[in-house]
Amino acid sequence: MGLKLKTHVAIPRYEKEGGEFDHGDVEWKSGDLFIAHPSKNTIEIVAEGDGKTSDFYHQCTISDAPQASGVVVPQGEKIVFVACRSANKVMWLDAEFSWWLGEIKVGAEPNGLAWDAGRKRLFVSCIKDRAAHLVSPKEGTTHSVTALPGRPRWCVFDKAGDRYLQAIQEPSVIVVLNAESGAITTTVPISRPKAHGLAVDDEGKRMFVACDSGALVVVDLKTLKETATVTLAGKPNVIWYNGKRDRLYLAIEDTGVVEVVDCKSMKSVETVPTEVDAKSIAFDPTRQRLYSFFEKTGRIAVFQES
């Protein structure tokens with residue numbers, strides 16, 4: 495078992511000086527990967543080929559996404575949500591035909607996105623005004639705006655608990671918000687500084703918190719108490735949980751690796767070389783593929799779980 499490099503996909507017209515990728519997500523049915531490219535104000539789409547002429551390729555570039563940052567694909571909805579930081583709005587595009595369908599204004603510098611499939615609502619955390627906006631995008635409705643206790647990082651929807659979880663950098667906490675009202679119900683202190691990356695294991699009822707201070711903290715979602723900590727190989731950023739293999743993938747940007755943690759033993763079991771400053775990854779659970787976004791060389795690395 496382990497991650498095996500399959501190939502690299504070059505992103506056209508990538509500017510190595512000042513180039514940057516942010517979040518990305520996969521549409522499970524097609525396997526298409528949608529990547530925020532804020533330095534170009536675009537979304538890049540990487541797709542799988544027919545296996546004859548190419549295995550993976552850059553399908554197209556979608557323009558007019560001002561400082562694209564957060565990306566979330568609501569599975570089964572055939573759309574892709576994109577947080578546009580400099581325009582203070584969230585846009586969404588057609589996942590199949592790759593054109594823009596709509597937009598909704600939110601707060602200043604939106605970044606984190608989390609989708610509630612049952613209510614068809616989107617949770618948007620905004621960096622500059624330190625607030626969470628709960629919206630129904632297609633209806634153009636804002637249900638609530640909730641002040642947060644610090645700079646928000648990533649967020650997720652906890653389906654089993656019917657709530658949103660929001661990482662706050664300083665103080666290092668996880669804010670728990672009611673899914674219906676958007677109100678804060680409790681705040682969970684994290685023992686390591688600078689909570690950032692966030693993922694949830696629905697089956698095991700665990701929350702994984704990657705901290706900029708170089709640690710992974712595990713929290714029981716029933717008791718909201720810490721159950722484990724893992725010292726990491728460097729500063730983590732984006733993380734993804736693989737429920738099939740009970741593994742966690744963490745993009746370690748300063749040392750240029752993806753660190754893999756076995757979530758049974760809560761030990762680091764693999765470090766896969768990527769590239770220094772490769773801070774973002776995306777995971778396809780259907781095909782068991784991990785993608786790492788190389789900012790220095792403008793490439794997307796494709797890894798396969800063996």
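The numbering used here numbers the first residue of the sequence shown as 495 and each following residue consecutively.
Backbone N, C-alpha and C fix where the C-beta goes; we use that ideal spot for every residue, glycine too.
The stretch 659 to 669 in contact with the stretch 701 to 708 per 3-pair CB rule at 8 Å: yes
Cutoff 8 Å: residue 544 Cβ touching any chain B Cβ: The structure shown contains no chain B, having only a single protein chain.
Cβ pair residue 642, residue 626 closer than 8 Å: Within the sequence shown, the letter at position 148 stands for residue 642. Within the sequence shown, the letter at position 132 stands for residue 626. Cβ distance < 8 Å, so residue 642 and residue 626 count as in contact.
Local conformation of residue 633 per DSSP, three classes: Taking the first residue of the sequence shown as position 1, residue 633 is located at position 139. Here residue 633 carries a helix assignment [DSSP, helix/strand/coil].
Span of the beta strand (DSSP E) around residue 735: Residue numbering aside, residue 735 sits at position 241 when the sequence shown is read from its first letter. It spans 730 to 736 - the beta strand (DSSP E) in which residue 735 sits, taken as one unbroken run.
When 718, 747, 740 and 719 are compared against residue 732, the one with the closest alpha-carbon: Within the sequence shown, residue 732 is the residue found at index 238, counting from 1. Of 718, 747, 740 and 719, the residue nearest in Cα terms is 747.
Whole-angstrom C-beta distance between residue 797 and residue 783, which should lie under 8 Å: As a first step, residue 783 must be located in the sequence shown, where it is residue number 289. As a first step, residue 797 must be located in the sequence shown, where it is residue number 303. Contact holds; Cβ gap of about 7 Å.
Proximal residues to residue 513 (C-beta, below 7 Å), its chain only, five neighbours per side dropped: By 1-based counting over the sequence shown, the position of residue 513 is 19. Cβ neighbours of residue 513 beyond the five flanking positions: 533, 789 and 792.
Selected residue, minimal CA-CA separation from residue 577, among 603, 774, 751 and 644: To locate residue 577, count along the sequence shown from 1; it is residue 83. Considering only alpha carbons, the answer is 603.
Terminal residues of the beta strand (DSSP E) in which residue 760 lies: Walking along the sequence shown from the start, residue 760 turns up at place 266. Per DSSP, residue 760 belongs to no beta strand (DSSP E) and is neither H nor E.
Burial state of residue 589, where buried means 16 or more other Cβ atoms lie within 10 Å: Start at 1 with the first residue of the sequence shown, and residue 589 comes out as number 95. Counting Cβ neighbours within 10 Å, residue 589 comes out buried, since at least 16 surround it.
Test item: CB-CB of residue 710 and residue 726 under 8 Å: Position 216 of the sequence shown, counted from the start, is the residue given in the question as residue 710. Position 232 of the sequence shown, counted from the start, is the residue given in the question as residue 726. Yes, Cβ-Cβ distance for residue 710 and residue 726 is below 8 Å.
Counted within 10 angstroms of its Cβ, other Cβ atoms place residue 518 as buried (16 or more) or exposed: Here residue 518 refers to the residue found at position 24 of the sequence shown. Looking at its Cβ environment, which holds 16 or more other Cβ atoms inside 10 Å, residue 518 is buried.
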